[in-house]
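The sequence shown begins at -6 in this note's numbering and counts up one residue at a time. The next block holds one structure in the form of structure tokens; read it before the comments.
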Amino acid sequence: EPTPATFQALHHFAQTQPRVTPVNQALGEAPGKVELNENAFHQTNSILPANLRSEEYLGAWVINCQRKIEVQMTTLDAYCRQESVTGIDLLKMDVQGFELFVLKGAQEFLSTRRIGCIVLEVSFISLYENQASPQDLITLLAGHRYDLMGFYDFAHSATKRLMSCEMLFAPHH
-6 EPTPATFQAL HHFAQTQPRV TPVNQALGEA PGKVELNENA FHQTNSILPA NLRSEEYLGA
54 WVINCQRKIE VQMTTLDAYC RQESVTGIDL LKMDVQGFEL FVLKGAQEFL STRRIGCIVL
114 EVSFISLYEN QASPQDLITL LAGHRYDLMG FYDFAHSATK RLMSCEMLFA PHH
């Protein structure tokens, strides 16, 4: 979790959960420092800036950037090497449009299929600049022999337009 306030809440929760280790970093395609957009509604914080059309669906106040902060980023592959993680049973991502970048930073784990199942929150509306489409994510994961197993937890806009859902992927057998 890269957002300081959210990380503090996660850290507090983790103190009661011995198997939870909070990490105050972002995941992406390459290690380094990046700018994170802290928005009025913290659940929309993203490394990607909001798309101008997003306010049409979410309201201007939701993705209104309050400030930009510098955060540390690593890749999933580098983090797993550093922490001696040899496999991931379930990778759940909700990274506000940044999924493709995180997956590109997991090429080693994806190509060797050391990730069991992958759950991605995907948006059918471009809420962020340079956000990957669901098809981009399906294509990348299919290239690593992960099958799309299903869609669930659908969210619709006030005008009944499909906005987002969760997609579940599993290694092809």
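Beta carbons are placed, not taken as given, at the ideal position from N, Cα and C, and that holds for glycine.
Residue range of the alpha helix (DSSP H) that residue i falls in?
{"i": "GLU92", "result": "92 to 97"}
{"i": "THR(-1)", "result": "-3 to 7"}
{"i": "SER104", "result": "100 to 104"}
{"i": "LEU51", "result": "47 to 51"}
By DSSP, does residue i sit in helix, in strand, or in coil?
{"i": "PRO24", "result": "coil"}
{"i": "THR149", "result": "In the sequence as presented, Thr is not what sits at residue 149; that position holds His. In this structure, HIS149 counts as strand in the three-state DSSP scheme."}
{"i": "SER116", "result": "strand"}
{"i": "SER39", "result": "strand"}
{"i": "LEU29", "result": "strand"}
{"i": "LEU134", "result": "helix"}
{"i": "ALA19", "result": "strand"}
State the start and end residues of the unbroken beta strand (DSSP E) segment that holds residue i.
{"i": "ASP87", "result": "No beta strand (DSSP E) holds ASP87; DSSP gives it neither H nor E."}
{"i": "THR67", "result": "58 to 67"}
By Cβ distance below 6 Å, which residues in the same chain neighbour residue i in space, the five residues on each side in sequence not counted?
{"i": "LEU96", "result": "LEU133"}
{"i": "ALA148", "result": "MET156 and SER157"}
{"i": "LEU103", "result": "HIS137"}
{"i": "ILE111", "result": "LEU84 and PHE162"}
Ordered along the chain, which non-local residues of its own chain (more than five positions away) have a Cβ less than 8 Å from that of residue i?
{"i": "TRP54", "result": "ALA33 and PHE34"}
{"i": "GLU63", "result": "LYS26, VAL27, GLU28 and LEU29"}
Kindly identify the DSSP beta-bridge partner or partners of residue i.
{"i": "GLY143", "result": "LEU161"}
{"i": "LEU83", "result": "CYS110"}
{"i": "TYR121", "result": "ALA43"}
How close, in whole Å, do the beta carbons of residue i and residue j come, if the pair is a contact with beta carbons under 8 Å?
{"i": "ASN38", "j": "ASN30", "result": "6 Å"}
{"i": "MET160", "j": "VAL115", "result": "5 Å"}
{"i": "GLN36", "j": "ASP70", "result": "That pair is no contact at about 27 Å."}
{"i": "VAL109", "j": "ASP140", "result": "Note on identity: in this sequence residue 109 is Gly, with Val being the wrong assignment. Between ASP140 and GLY109 the Cβ distance is about 13 Å, and since that is not below 8 Å, they are no contact."}
Closer than 7 Å by C-beta to residue i: which residues in its own chain qualify, once you throw out the five before and the five after it? Chain order, please.
{"i": "CYS73", "result": "PHE102"}
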